[in-house]
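J.: Per full-length UniProt numbering, the sequence shown starts with residue 1, numbered consecutively.
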Amino acid sequence: MGSGEMVGQSLGHYRITRLIGRGGMATVFLALDSYLNREVALKVFKARDDVQDTFLRRFEREAQIVAQLEHPNILTVYEYGRYNGMAYFAMPYLSAGSLRNYLRSQQPLSPPHALDLLAPILRALQYAHDRGLIHRDIKPDNMLFKADQSLVLSDFGLVKVLPDEGDGDAFSAFESHTNSIMGTPQYMSPEQIQGKAVPASDIYSMGIVLYELLTGHVPFVADTAIGVMTMHLYEQPDPLCQQHPDVSAALEAVVLRALEKDAGQRYQRPIDFLYALMQAIVRDKDGQGQTESAKGTAKEILSAAPKPVRSAGGMPKPAISPRLKQSQLSTAVLPATIARYSGAQPEARPASGRIVSGIFFLLLLALIPLMILWIWPLLTSGHSGPPIHPTPAIGTPSVNPQNIHPNNLWPIDKYGKQIPLHFTATRGGPVNYSL
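1. Please state whether the Cβ-Cβ distance between L115 and L259 is less than 8 Å.
2. Indicate whether L56 and R38 have their beta-carbon atoms separated by less than 8 Å.
3. Which residues share a DSSP beta bridge with L69?
4. From A253 to V44, what distance separates their C-alpha atoms?
5. So for I271, helix, strand or coil by DSSP?
6. Would the segment 259-275 count as touching the segment 197-206 if we require 3 or more Cβ pairs under 8 Å?
7. If you draw a straight line from the C-alpha of H13 to the C-alpha of Y234, how long is it?
8. Are three or more beta carbon pairs between the segment 60-79 and the segment 96-112 nearer than 8 Å?
9. Going along the chain, which residues of its own chain have a beta-carbon closer than 6 Å to the beta-carbon of L42, five neighbours each way excluded?
10. How many angstroms separate the CA atom of N142 from the CA atom of R283?
11. Where does S303 sit, in a helix, a strand or coil, going by DSSP?
12. List the DSSP bridge partners of R18.
13. Per DSSP, what are the beta-bridge partners of I74 in this structure?
14. Given this structure, state the Cα-to-Cα distance separating S189 from S205, to the nearest angstrom.
15. Grab the span of the beta strand (DSSP E) containing M91 for me, first residue to last.
16. Assign F423 to one of three DSSP states: helix, strand, or coil.
17. Alpha carbon to alpha carbon, what distance is there between T230 and D223?
18. When the Cα atoms are used, what is the spatial distance from Q9 to T17?
19. Output needed for E62: all residues of its chain with C-beta closer than 8 Å, excluding positions within five of it in sequence on either side, in chain order.
20. Helix or strand or just coil, what does DSSP make of P199?
21. Between the C-alpha atoms of Q261 and A26, what's the straight-line distance to the nearest angstrom?
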């Protein structure tokens, strides 16, 4: 049954109303859920007859995993089902469109605008990677706008599950059997073209998307898909700074690292890529001093990223991502962007107030020894008993290493009384001691 013929038909309790889009492996329809009376996006997969069983088993397992993902910037999967040899996902219908549609009228973008758009996607990608999932089809078409104008990552149909020890790479075996390359040529990494996708492959694809946001076009363009893939393998992109006046050398260096041909030379985690982007854009926007302030904030965001956790059965186990405290958020640079992606509101206290408080605290610490030297003689000057000696500080030996008699530690008069030490200090000068 062709995609046009499916309009007006039903798949289970979903009645298809119109065609939304068509890809190489699936077709997306707008459908009505007759049970809950709501519109959904219904993605229908149809495989070749010779690999249909393997294809459907693959997407069934992937659907089970993707349905467990709970992140505000990952498109939810409502349901997975089969009908007449076809598999389908039911997902929320987002009417605001994709980043691809947005770019048709809004490119190129400024660096801060590009960061604001891609930061939630990078955090969503970090969430997926922490659960052993490689997306493998990162592109503007698969980034959809929610009602609040933030982006969500969609289309995990090509997701690769990293194998556990002893489990074998069943998906790699499937791809070899079907003799296919998974992905979109304009956004594929060199190793993905060679059938060896790794987590850093998604970093490369995100670098391509960022390049496109800043220039209005992808870095590699050719007449054929083979030509594009050959350029990914051997060519270098044209310099960014020659195409966008606001792209600095620091920002270009970040993008080029994400586009390294060698996967090991790229950022290894999406959160690392996000941190580097923040640093470069903040440096350009507010100067080096502000960059150091943002550096601590970015490190807090980076440290909050959960580590991958696997269950005994081989399925990725959800990891707990701690919420950042309000005091960990930046207030000096890009506060709305940073606060949105850390899950809290920016702290209202200005950075200058924190600096003044820190200086005051250091001065107070410096005055404490002088206050002790001033008060101590007053406490001991009228004492008629045996000489009083200060208690050794914690962590220092209480044994007298030179075997000096206690009376010799302080000057005493002929009656055996201690002679107190007095000191005077001039403003900004040395302290003078006298008997």
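Yeah, the Cβ is synthetic: ideal placement off N, Cα and C, and Gly gets one too. Source: prediction; values computed, not measured.
T.: Straight from the coordinates:
1. no
2. no
3. Beta-bridge pairing links L69 to no other residue.
4. 40 Å
5. helix
6. yes
7. 49 Å
8. no
9. Y14, F29, A31, Y88 and A90
10. 30 Å
11. Annotation note: pLDDT 48 at S303 (below 50); position unreliable, no value reported.
12. L30
13. L153
14. 7 Å
15. M86 to P92
16. Residue confidence is low: F423 scores 42 on pLDDT, short of 50, so the model does not pin down where it sits. No coordinate-derived value is stated.
17. 12 Å
18. 8 Å
19. F156, G157, V159 and V161
20. helix
21. Before going further, note that residue 261 is Lys rather than Gln in the sequence given. Cα to Cα, the separation comes out at about 30 Å.
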